[in-house]
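Asker:
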Amino acid sequence: MAELTDLGIAAIRDGVRDGEFSAREVAQAFIDRVAAAKALNAFLVETPDHALKAADAADAARASGDLKPMSGVPIGMKDLFCTEGVPTTAASGILAGFTPTYESTVSANLWAAGAGMLGKLNLDQFAMGSSNETSAFGNVISPWRRNDGGNAALAPGGSSGGSSSAISARLCPAATGTDTGGSIRQPAAFVGISGIKPTYGRCSRWGVVAFASSLDQAGAMAHDVTDCAIMLGAMAGFDPKDSTSLDLPVPDWAGSLSGSLKGKTVGIPKEYRVDGMPAEIEMLWEQGIAWLKDAGAEVVEVSLPHTRYALPAYYIIAPAEASSNLARYDGVRYGLRDLPDGAGLQDMYAATRAAGFGPEVKRRIMIGTYVLSAGFYDAYYNQAQKVRALIARDFEAAWERCDLLLTPTAPSAAFALGEKQADPLAMYLNDVFTVPASLAGLPAMSVPGGLDAQGLPLGLQIIGKPLDEQGVLDAGLAIEQRAGFSARPEQWW
Amino acid sequence: MSVDIPTVKKIASLARIAMTDQEAEALAPELNNILGWIEQLGEVDTANVEPMTAVIPNHLRLREDIVTDGNVRDRVLANAPQAEHGFFAVPKVIE
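Respectively, the protein sequence lines represent chains A and B.
Residue 15 is where the first sequence starts when you use the working numbering, and the numbers rise one by one after that.
Residue 108 is where the second sequence starts when you use the working numbering, and the numbers rise one by one after that.
1. Starting from the Cα of residue 130 of chain B, find the closest Cα among A/422, A/488, A/369 and give me that residue.
2. Are residue 451 of chain A and residue 475 of chain A close, meaning C-beta to C-beta below 9 angstroms?
3. If the cut is a Cβ gap below 8 angstroms, which residues of chain A does residue 149 of chain B touch?
4. Which residues in chain B have a C-beta closer than 9 angstroms to the C-beta of residue 228 of chain A? List them in chain order.
5. Using 9 angstroms as the limit for Cβ to Cβ distance, is residue 362 of chain A near chain B?
6. Quick one: list the residues of chain A neighbouring residue 203 of chain B, beta-carbon separation under 8 angstroms, in chain order.
7. Can you say whether residue 121 of chain A is buried or exposed, counting buried as having 16 or more other CB atoms within 10 angstroms of its CB?
8. Going by C-alpha to C-alpha distance, which of A/398, A/238, A/375, A/285 sits closest to residue 459 of chain A?
9. Taking the straight line between their C-alpha atoms, what separation do you get for residue 49 of chain A and residue 155 of chain A?
10. At what residue ranges does the segment 226-302 of chain A contain a whole run of the alpha helix (DSSP H), taking only runs of 4 or more?
11. Is there a Cβ of chain B sitting closer than 9 angstroms to that of residue 400 of chain A, yes or no?
12. So who's on the other strand from residue 474 of chain A, going by DSSP bridges?
13. With distances taken Cα to Cα, identify the nearest neighbour of residue 124 of chain A among A/102, A/162, A/84.
14. Grouping DSSP H, G and I as helix and E and B as strand, with all else coil, what is residue 353 of chain A?
15. Who are the neighbours of residue 174 of chain B on chain E, taking C-beta pairs under 8 angstroms?
16. Given a limit of 9 angstroms on CB to CB distance, which residues of the segment 458-484 of chain A reach chain B?
17. Curious, which full-length beta strand (DSSP E) runs of at least 3 residues does the segment 17-72 of chain A contain?
18. For residue 188 of chain B, which option in A/467, A/360, A/349 has the closest C-alpha, if you only look at C-alpha atoms?
19. Put residue 170 of chain A into one of helix, strand or coil per three-state DSSP.
20. Residues in its own chain within less than 7 angstroms of residue 59 of chain A by CB, not counting five upstream and five downstream?
21. With a threshold of 6 angstroms on Cβ separation, who are the neighbours of residue 478 of chain A within its own chain once the five nearest residues in sequence on each side are excluded?
22. Do residue 439 of chain A and residue 144 of chain B have their CB atoms nearer than 9 angstroms?
23. Please name the residue, chosen from A/195, A/207, A/245, A/103, that lies closest to residue 217 of chain A on a Cα-to-Cα basis.
24. Would you list, in chain order, the members of the segment 104-122 of chain A that have their beta-carbon closer than 7 angstroms to a beta-carbon of chain B?
25. Tell whether a beta-carbon distance below 9 angstroms holds between residue 88 of chain A and residue 186 of chain A.
26. Rounded to the nearest angstrom, what separates residue 109 of chain A and residue 170 of chain B at their Cα positions?
27. What three-state label does DSSP hand residue 92 of chain A in the structure shown?
28. What separation, rounded to the nearest whole angstrom, lies between the Cα atoms of residue 200 of chain B and residue 384 of chain A?
29. Note down, in chain order, every chain B residue with its Cβ under 7 angstroms from the Cβ of residue 381 of chain A.
30. Report the residue from A/166, A/179, A/265, A/256 whose alpha carbon sits nearest the alpha carbon of residue 431 of chain A.
31. Within 9 angstroms (strictly less), CB to CB, does residue 112 of chain B reach chain A?
32. Hey, quick one: how far does the alpha helix (DSSP H) through residue 176 of chain A stretch, first residue to last?
33. Can residue 151 of chain B and residue 397 of chain A be called in contact, C-beta distance under 9 angstroms?
34. Identify the contact partners of residue 195 of chain B in chain A, using a Cβ-Cβ distance below 8 angstroms as the criterion.
35. Since residue 162 of chain B and residue 228 of chain A are thought to touch, with beta carbons under 8 angstroms apart, how far apart are those beta carbons, to the nearest angstrom?
36. Which runs of the beta strand (DSSP E) fall wholly inside the segment 304-341 of chain A and span at least 3 residues, in chain order?
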């Protein structure tokens, strides 16, 4: 039999149900593997007791015939979700010492579905970054290495880099992610796993540390599409505590999964053929088109004319919302307080925020404050929200011709840590393919398609109509069945 | 449009982030680089476009006007850097 830590959600669930192994054995196997993988720096806090308690509950539930959809599955929790009694930092020094006295809705939903927690996963500070290099607690390292023998440490993507690294290294079978402009999809692509961001409003934002509230969405990251469907089903649902939560039933995505795309039309947005895209990514995209045709889909070219304005609009809207959301970190109610000798209240705010926020967070707060300041609001923020409306209209027009869109997930494979850090703008450009769907609130996922010449994973992105997670997952499954992606990083840590 | 160092310091002060002259000097070109790139949005014709307010059509709900939460003072204060007599404590603000 395969190692227990090679199993995904469905395999663990079925194995526990059928008595092939106990949930406690599974939890212990993952706990041991997490403890032995410090070199990846994926976990900020380990919570073996939480995982074991859920496992024992699963074993008891099996005895009484009361298993739930994720009974006995130990997962990783991105450290952006507040977890009662377990430190939550958003990978920022400003939340040092913060231990929530409440549980986020999404994590509570997962525990109610029987899952247990192996620990809290590292991320870019406040989810601001695409490489996991902005964490106050050190870089997360991808388990993947280039096949050139150089052993350069690679970025696991960001911001859900702890999640992607941990799943890919088989420290956990699945993990939560959050996606504001690509933070689930890009890291999933970088490490060869699947990840889905649902329609905005599917997953409650209550108890999730806020970055840009009109964009933030939680989602599932796992080895395959089926596991993503199971986990997303457990996470999603209406929550009266989030005013943007959608009051709609959660479909049985996993139960309805089908890799057949007969009768579906897939659009290929021509504006995504950007200059300087590596030929390998172009080729994978062509391959993806062939796979979807093979699954029965018709493929048409579509136009999303405002695509090139999505990134600049995003880098106004997201920092603007962040500057407002992060105003709450004042050294009064929770987290860090820096009180210089003789300082008054205003000095305390400024000193606390200077000491607690990392450089990228400060940069974005500064941009956000600037674009919202008197005299600039119309030229920047309002114009960006108008452009955002045009981007959403582009998608609406496309949906008159097709049901889904297929694009690459990222314009490159994983880059080396440090490679893009000196130039914030170069880093921002890595989100060029993921940001438009975020701005329009659409469901989108990344699935692994193949390896590049350096032996690194490349992902394909599927974007769907609002609320059509099923269509996105079905197309993801169609690709997964044809790509036969089985590569995994060699263990060096 | 380019931001100079006094502007950077003014933004930092609005954002309540203490910043040394050196830090402001380092940040000015970075912000200019990013703002210069953002400027391209100006070329989009948005004359008859309403700014987006919600990505997915949704209406704001009303709920019963009843107390659903409260009596958790100690939990609210549990993470305060300084709490005294059941309140958040801050440096003296009134002389």
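All residues carry an ideal CB built from backbone N, CA and C; glycine is no exception.
Answerer: Judging by the given coordinates:
1. When only C-alpha atoms are compared, the closest one is A/369.
2. yes
3. 393, 397
4. 159, 160, 161, 162
5. At a cut-off of 9 angstroms, the C-beta of residue 362 of chain A has a neighbouring C-beta in chain B.
6. Lying before the first or after the last residue shown, residue 203 of chain B is absent from chain B, which here runs from 108 to 202.
7. buried
8. A/238
9. 16 angstroms
10. 239-249, 267-270
11. yes
12. BP columns for residue 474 of chain A point to A/422, A/461.
13. A/84
14. Secondary structure at residue 353 of chain A: coil, using DSSP grouped into helix, strand and coil.
15. No chain E appears in the structure shown, which is made up of the protein chains A and B.
16. Of all residues in the segment 458-484 of chain A, those with a C-beta nearer than 9 angstroms to a C-beta of chain B are 480, 481, reading in chain order.
17. 57-60
18. A/349
19. coil
20. 100, 101, 133, 134
21. 418, 457, 485, 486
22. yes
23. A/245
24. 112, 113, 115
25. yes
26. So the alpha carbons of these two residues sit roughly 32 angstroms apart.
27. strand
28. 28 angstroms
29. 138, 141
30. A/166
31. With 9 angstroms as the cut-off, residue 112 of chain B does not count as an interface residue toward chain A.
32. Run containing residue 176 of chain A: 175-182, per the alpha helix (DSSP H) assignment.
33. yes
34. 346, 347
35. 7 angstroms
36. 312-316
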